[in-house]
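*Asks:* Got a structure for you, questions after.
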Amino acid sequence: MAFVPPARHLLRAKDLADARYFEPLDVDDLAGAAGLSRAHFSREFRRAFGESPHAYLLTRRLERAAALLRTTDRSVADICFSVGLQSVGSFTTSFTRTFAVSPTVYRAKYPPAANHARVPACMIRFRGRPQNSTFREDSDGAAL
Amino acid sequence: MIRIAHAQLWVHDQDEAHAFYTQKLGFEVRADVTLPELGDFRWLTVGPVGQPEVSVALMAVPDPPVFDADTAAQVKELTAKGAAGTIFLNTDDMRAAYDELKARGVEFVEEPEERPYGIDTSFRDPSGNHIRLTQPSEVVAPA
Numbered sequence: 078m079a080f081v082p083p084a085r086h087l088l089r090a091k092d093l094a095d096a097r098y099f100e101p102l103d104v105d106d107l108a109g110a111a112g113l114s115r116a117h118f119s120r121e122f123r124r125a126f127g128e129s130p131h132a133y134l135l136t137r138r139l140e141r142a143a144a145l146l147r148t149t150d151r152s153v154a155d156i157c158f159s160v161g162l163q164s165v166g167s168f169t170t171s172f173t174r175t176f177a178v179s180p181t182v183y184r185a186k187y188p189p190a191a192n193h194a195r196v197p198a199c200m201i202r203f204r205g206r207p208q209n210s211t212f213r214e215d216s217d218g219a220a221l
Numbered sequence: 053m054i055r056i057a058h059a060q061l062w063v064h065d066q067d068e069a070h071a072f073y074t075q076k077l078g079f080e081v082r083a084d085v086t087l088p089e090l091g092d093f094r095w096l097t098v099g100p101v102g103q104p105e106v107s108v109a110l111m112a113v114p115d116p117p118v119f120d121a122d123t124a125a126q127v128k129e130l131t132a133k134g135a136a137g138t139i140f141l142n143t144d145d146m147r148a149a150y151d152e153l154k155a156r157g158v159e160f161v162e163e164p165e166e167r168p169y170g171i172d173t174s175f176r177d178p179s180g181n182h183i184r185l186t187q188p189s190e191v192v193a194p195a
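If you read the sequences in order, they're chains A and B.
Letter by letter, the first sequence follows residues 78 to 221 of our numbering.
Letter by letter, the second sequence follows residues 53 to 195 of our numbering.
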C-alpha cells in the first residue's frame, strides 16, 4: 500500500467544502471527511492551507454568493440560503466584512445579471418584436 | 512547429495512478518502461484514446540523489494538498462522460455546472491532482 501524505486527507475535507458548501455543512463534517478529531483537524488544516476550516468554508460560501449576486437576479436572502448559510443577518455582516460593501451595493457595481443570460436567438426574436407600434396601414385595414 | 507531446503530473504511487487513469478515466497506456540502469526509473505515460499525439507522464516523486529528501517530501505534500498541478480535459458530451466516470467510481469535486464558457466539473486523481472536465460552449452567431 502506497504511503499517503496526511495532507491528502485534509484535501478531501477541503474538496468537501468546495463540493457541498450549499448543504448545512460544518467543521465537524469536514473533520469527518478527513478522518480526524475536530481539534486535531482544525490545527492540521490550518497548518496545511494557512487558514482555519471554518474560514475556508465561510469564504467559499461568500465567494459563491458573490458570483450569484453578479450573475443572477435572485434575492439576497435566497442567495444566502442557497450557499448553505442560515441567517441573512450573519451573511450580510460576513459579506460586508469580506468585500467591504453590502451584498446589495456589491451587486450594483456589476452589469445587470440579464447580460449574462444566454437567451436563444429564437426567443429574442419571438419576444423582442415590438407590439404596440401603429402604422399607417392599420387605419387602412391593410393589416388584414 | 512546436507541439505538446507530454505534460507531467507527480503521483504518489504509479501503480495506483496507472489503475486510476486507465480503469476509471479510460485513458490508454502509451508507455510503461522501467529502467534498472536509472535506479528503476519508470516512464509511465497515458493519454486519451483517439488523441495519440498528447500524453500525460505520471511521474513518481524521486528520492535522493535526484531530489533531496526535503524537496521530495515537499513535492509529495504539495501534490497531496492539490497544489501541484491540473490537467484540463474537454468532452463533447458532458452528461455521457459524467455518467460514465461516476459509474466507474470517480469521485467528483463538483457536479457539472453551466459556466460562461461551457459546462464543467472536476475531480481528483488518487494523489490529489485536480482534473477539470469541460464541455465547451458552441459559439453561437449573434441573432
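The beta carbon of each residue, even a glycine, is placed where N, CA and C say it ideally should be.
Fair warning: this is a prediction, and the values are worked out from it, not measured in the lab.
#1: Do you know offhand how far leucine 88 of chain A's Cα is from alanine 111 of chain A's?
#2: Taking DSSP as the reference, what is the three-state secondary structure of aspartate 103 of chain A?
#3: How long is the line joining the alpha carbons of lysine 133 of chain B and alanine 108 of chain A, rounded to whole angstroms?
#4: Which first and last residues belong to the alpha helix (DSSP H) in which arginine 85 of chain A is found?
#5: What is the DSSP secondary structure of valine 85 of chain B, reduced to helix, strand or coil?
#6: For leucine 145 of chain A, does the count of other Cβ atoms within 10 angstroms reach 16, so buried, or fall short, so exposed?
#7: Is there contact between the region 159–173 of chain B and the region 79–90 of chain B, where contact requires at least three CB pairs shorter than 8 Å?
#8: Could you list the residues in the region 78–94 of chain A with a C-beta less than 8 Å from some C-beta on chain B, going in chain order?
#9: Whole angstroms are fine: how far does the CA of alanine 190 of chain A sit from the CA of threonine 143 of chain B?
#10: Bridge partners for aspartate 172 of chain B per DSSP, in chain order?
#11: Give me the chain B residues within the contact set of alanine 125 of chain A, using Cβ-Cβ distance strictly less than 9 Å, ordered along the chain.
#12: In angstroms, rounded to a whole number, what distance separates the CA positions of glutamine 150 of chain B and proline 207 of chain A?
#13: I'd like the list of long-range same chain contacts for proline 188 of chain B, defined as Cβ closer than 8 Å, with 5 residues on each side in sequence excluded.
#14: Is it buried or exposed, methionine 53 of chain B, if we count other Cβ atoms within 10 angstroms and call 16 or more buried?
#15: Who are the neighbours of glycine 99 of chain B on chain A, taking C-beta pairs under 8 Å?
#16: Cβ closer than 8 Å: which chain B residues qualify as neighbours of alanine 96 of chain A?
#17: Are methionine 111 of chain B and leucine 61 of chain B touching if we call contact CB-CB under 8 Å?
#18: Just tell me which of A:Ser179, A:Tyr187, A:Ser159, A:Tyr133 has its CA closest to the CA of aspartate 103 of chain A.
#19: Return the CA-CA distance between glutamine 103 of chain B and arginine 167 of chain B, expressed in angstroms with no decimal places.
#20: Return helix, strand or coil for arginine 206 of chain A, following the three-state DSSP convention.
#21: Give the straight-line distance between the Cα atoms of leucine 221 of chain A and cysteine 199 of chain A, rounded to the nearest whole angstrom.
#22: Would you check if the distance between the CB atom of arginine 44 of chain B and the CB atom of glutamine 75 of chain B is smaller than 8 Å?
#23: Let me know if lysine 91 of chain A comes out buried or exposed under the rule of 16 or more other beta-carbons within 10 Å of its beta-carbon.
#24: If we ignore side chains and look at the alpha-carbon of each, how far apart do serine 129 of chain A and glutamine 126 of chain B end up?
#25: Grab the span of the alpha helix (DSSP H) containing glycine 146 of chain B for me, first residue to last.
#26: Can you tell me the Cβ-Cβ gap for alanine 154 of chain A and valine 165 of chain A, rounded? I've got them flagged as a contact below 8 Å.
*Replies:* Quick answer:
#1: If you take the alpha carbons of leucine 88 of chain A and alanine 111 of chain A, they lie about 8 Å apart.
#2: In this structure, aspartate 103 of chain A counts as coil in the three-state DSSP scheme.
#3: So the two alpha carbons sit approximately 16 Å from each other.
#4: In the DSSP annotation of this structure, the continuous segment of the alpha helix (DSSP H) that includes arginine 85 of chain A starts and ends at 83–97.
#5: Here DSSP, grouped into helix, strand and coil, assigns valine 85 of chain B to strand.
#6: With a threshold of 16 other beta carbon atoms within 10 Å, leucine 145 of chain A meets it and is buried.
#7: Three or more beta-carbon pairs separated by less than 8 Å are not found between the region 159–173 of chain B and the region 79–90 of chain B, which leaves the two stretches without contact.
#8: Taken in chain order, the members of the region 78–94 of chain A whose beta-carbon sits within less than 8 Å of a beta-carbon on chain B are Ala79, Phe80, Val81, Pro82, Pro83, Ala84, Arg85, Leu87, Leu88, Lys91, Asp92.
#9: Approximately 28 Å, taken between the alpha carbons.
#10: For aspartate 172 of chain B, the pairing in a beta bridge is given by DSSP as B:Glu165, B:Thr186.
#11: Simply Glu129, Ala132, Lys133.
#12: Position check: residue 150 of chain B holds tyrosine in this sequence, whereas glutamine was assumed. Between tyrosine 150 of chain B and proline 207 of chain A, the C-alpha separation is close to 43 Å.
#13: Contacts found: Asn142, Tyr169, Gly170.
#14: Exposed, since its Cβ has fewer than 16 Cβ neighbours within 10 Å.
#15: Those do not exist, as glycine 99 of chain B stays about 23 Å from chain A at its closest Cβ, beyond 8 Å.
#16: What alanine 96 of chain A touches in chain B: Phe160, Val161, Glu162, Glu163.
#17: The beta carbons of methionine 111 of chain B and leucine 61 of chain B sit closer together than 8 Å.
#18: Checked all of A:Ser179, A:Tyr187, A:Ser159, A:Tyr133; the closest Cα to aspartate 103 of chain A is A:Tyr133.
#19: A straight-line Cα-Cα distance of about 25 Å links glutamine 103 of chain B and arginine 167 of chain B.
#20: Here arginine 206 of chain A sits in coil by DSSP.
#21: With a pLDDT of only 49 at leucine 221 of chain A, under the threshold of 50, the placement of this residue in the model should not be trusted, and no figure is reported.
#22: Look at the range of chain B in this structure, 53 to 195, and you will see that residue 44 of chain B is not part of it.
#23: Classification for lysine 91 of chain A: buried.
#24: Here the alpha carbon of serine 129 of chain A sits roughly 21 Å from the alpha carbon of glutamine 126 of chain B.
#25: Note that residue 146 of chain B corresponds to methionine in the displayed sequence, not to glycine. For methionine 146 of chain B, the enclosing alpha helix (DSSP H) stretches over residues 146–155.
#26: The pair is a contact, with the Cβ atoms about 5 Å apart (cut-off 8 Å).
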